[in-house]
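Just so you know, we're using our numbering here: the sequence shown kicks off at 6 and counts up by one. Ideal Cβ placement from N, Cα and C applies to all residues, glycine included. To keep things clear, I will list the structure first and then write my remarks on it.
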Amino acid sequence: MEQCYGCNTCKSADKKLEGFIRSLPMETSHHRVETQDTKCGFGLQGVCCRLCSNGPCRITPESPKGICGANADTIVVRNFLRAVGAGSGCYIHVVENTARNLRDTARAHGELKGAESLNHLAEIFGINEDDQYKKAEAVANAVLADLYKPEYVQAELVEKVGYEPRVELWKKLGIMPGGAKSEVFKSVVKCSTNLNSDPVNMLLDCLKLGISTGIYGLTLTNLLNDVLLGQPEIRMAPVGMNVIDPDYINIMITGHQHTIFVDLQEKLVSDKAVEMAKAVGAKGFKLVGCTCVGQDLQLRGAHYTDIFDGHAGNNYTSEAILATGAIDAVLSEFNCTLPGIEPICDELKIKQICLDDVAKKANAELIPFDFENREEQSFVIIEKIIEAYKERRGNVKMRLQPEHGFTNSLTGVSEGSLKNFLGGSWKPLIDLIISGDIKGIAGVVGCSNLTAGGHDVLTVELTKELIAKDIIVLTAGCSSGGIENCGLMEPEAAKYAGPKLRAVCEKLGIPPVLNFGPCLAIGRLEIVATEIARDLGVDLPQLPLVLSAAQWLEEQALADGCFGLALGLPLHLGLPPFITGSPVAVKVLTEDMKEITGGQVIIDDDAKSSADTLEQIILEKRKALNI
């Protein structure tokens, strides 16, 4: 008998998804929200320290210091620095693997699909090579060399990639990073027991980590991916669980490292693999997008129409995607792969394979990506997935959701494809901003979580409020998956926009929300902002541009946020980081930061009042620019 987990699930902005999850005879993250609704007050404030055996110490009015003498400011910011360092480390891991894969592909004379991106990077780096493979190897080596520098040796590429006025400020503040891996190492050391007790000094280190995260983990990862995988192209595509075709052997992909499975992706559409699939009754193989790597594949979907079905949903949609019964394997290579999928995979006989041991799941088989043996490895994986298909198909109940999602969402937006769409220049967009037809730009980025109103609730409601104010929204991250599954990335969504933005959208045939793809694409938004600022001859904080990570989730988001603050941008969060127990941290991030970098943190869990605040900031910046 199937167990009923019932109706006690969190709300979702995606009502079809919410109804489906409530009907499932299996537990998901959405069910567990209620059981975890009692939060530790010390943890929420960040005032718990467990770094030594005298603790854990908790700061209270009656006990304002730990046994060692550390006060709330020290404990809170030390915890925050540790979290930002961990988040930065995750991104540096991704860019390191991406650069290594580009280097190895170049040495093997493999396919490089993005010649324009390669030439662009070579120009930025000052690399003069005519041979494309030597050029690609030199680009990859330049990134790796910078990553591996000591912390005390300034990273070269920050100055080459970063926006000149920002770089000068970072130098003035003393926050130009050294080697990115060493910066993470130093952050771990710095926030250990009885070392740093200066909260402002540690917060400046968070900004430094944010810079290396943004330049390497975000911006350069995207550009390196473009070289290997092809540049994004704007197109219309389906989104949601409706993309799943049960006639195929379906592989759900999770993570952030597309280059790790590119060989497998190619082998899946080979004649050999297709014949293997047909021999067991399937038409072939399909990849189903989930989490950020699904967004990344969707971004380049024009290059992969033969293998990619579409993007089904974000991190907290993954359990529901598996529950359809039509997924035969999960291929994971990084985070946002929820532990909660493991019992569902067991119950539904879904094969789990991990390609990177940092993302090893408890009940998954680990097959670490091996470039030298990639072809052999790809067919080993294919055979394992076929065996899973044979075992489970016909023995597992299907719960397909053909009505979920949308068929005509705009995808493939990048700094390059958008600029091309505008005629090769940012002038049309700048003109629309100056005229007031577009009041400003809001980057709605980052994760999805199950708090702040529920699954994607605050993100979607805030987006609707912003576009209704004639503010165009650019998205990146799991937030993109939630917004597109609510229909806001179809051209028809123009009806939700204010009159001026609606007219622009209808004239151009675009939605008021443009999807830049995965969380890595926050780096693409920075490129757009930088190029517009350069064209206008202003610094980034002067632009009518705001950021919101309304439903940020994890440590990587904190590193992203520190990059945004280092760029001098207003950053809205629906929930505060775990810093509220430190008056110094709160004051520096919400007030003093405006004088340090131009940025500020804004905390508000209400969509309407958040939109009002962000609109007011945009209006103030417009006034300062005399537009």
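Asked: Taking D203 as the reference, which of I372, V81, I446 has the closest Cα?; Found: V81
Asked: Starting from L234, trace the alpha helix (DSSP H) both ways and give me its first and last residue.; Found: 226-234
Asked: So which of H577, T464, I623, E380 has the shortest CA-CA distance to I439?; Found: I623
Asked: Leaving aside the five residues before and after G183 along the sequence, list all residues of the same chain whose C-beta is less than 7 Å from its C-beta, in chain order.; Found: K154, P155, E156, Y157, V158, Q159, A160
Asked: Find out if the Cβ-Cβ distance for the pair P517, A534 is shorter than 7 Å.; Found: no
Asked: Any idea what DSSP makes of T618, helix, strand or coil?; Found: helix
Asked: Since G71 contacts C54 with CB under 8 Å, what's their CB separation in whole angstroms?; Found: 5 Å
Asked: Compare the C-alpha of V189 against each of K165, E164, T218, V543 and name the closest.; Found: T218
Asked: Please list the terminal residues of the continuous beta strand (DSSP E) segment that includes T480.; Found: 476-481
Asked: Check H577 in the structure and name its three-state DSSP category.; Found: strand
Asked: Secondary structure at G487, three-state DSSP: helix, strand or coil?; Found: helix
Asked: Quick check on G313: does DSSP put it in helix, strand or coil?; Found: In the sequence under discussion, the amino acid at residue 313 is Phe, which differs from the Gly named in the question. Of the three classes helix, strand and coil, the one that applies to F313 here is strand, per DSSP.
Asked: Let me know if K272 comes out buried or exposed under the rule of 16 or more other beta-carbons within 10 Å of its beta-carbon.; Found: buried
Asked: Pull up the distance between the alpha-carbon of K354 and that of C483, whole angstroms please.; Found: 27 Å
Asked: Looking only at its chain, what residues have a beta carbon closer than 6 Å to the beta carbon of H409, apart from the 5 residues adjacent to it on each side?; Found: K21, G245, M246, N247
Asked: When you compare only the Cα positions, how much space is there between N490 and D19?; Found: 7 Å
Asked: Quick check on T14: does DSSP put it in helix, strand or coil?; Found: coil
Asked: Please confirm if the segment 32-44 is in contact with the segment 541-559, defined as three or more CB-CB distances below 8 Å between the two stretches.; Found: no
Asked: Between the alpha carbons of M6 and P373, how many angstroms are there, rounded?; Found: For M6, the predicted model reports a pLDDT of 36, less than 50, meaning its position is unreliable; a value from the coordinates is still stated below. Cα-Cα distance, rounded: 38 Å.
Asked: Just to confirm the assignment: which complete beta strand (DSSP E) runs, minimum length 3, are found wholly within the segment 390-440?; Found: 411-416
Asked: Beta-carbon separation of T226 and T103 under 7 Å?; Found: yes
Asked: Please report the straight-line C-alpha distance between A538 and I532, rounded to a whole angstrom.; Found: 10 Å
Asked: Report the CB separation of L302 from S323 in whole angstroms; it is logged as a contact under 8 Å.; Found: Their Cβ separation, rounded to whole angstroms, is 15 Å, which puts L302 and S323 out of contact at 8 Å.
Asked: Reducing DSSP to helix, strand and coil, say where E559 ends up.; Found: coil
Asked: Going by other Cβ atoms of all chains shown within 10 Å of its Cβ, with 16 needed for buried, is N319 buried or exposed?; Found: buried
Asked: Hey, quick one: how far does the beta strand (DSSP E) through F290 stretch, first residue to last?; Found: 290-295
Asked: Name the residue from G459, A317, D250, A284 whose alpha carbon lies nearest to the alpha carbon of K395.; Found: A284
Asked: Indicate whether the contact test is met: 3 or more Cβ pairs, each with one atom in the segment 566-575 and one in the segment 595-612, closer than 8 Å.; Found: yes
Asked: DSSP has Q357 in a bridge; who is on the other side?; Found: V335
Asked: How about S485 and Q556: are their beta carbons less than 7 Å apart?; Found: no
Asked: Identify every residue that forms a DSSP beta bridge with E531.; Found: The partner list for E531 (beta bridge, DSSP) is empty, contrary to what the question assumes.
Asked: Give the C-beta separation of E466 and A612 to the nearest angstrom, bearing in mind that I take them to be a contact with Cβ-Cβ under 8 Å.; Found: 4 Å
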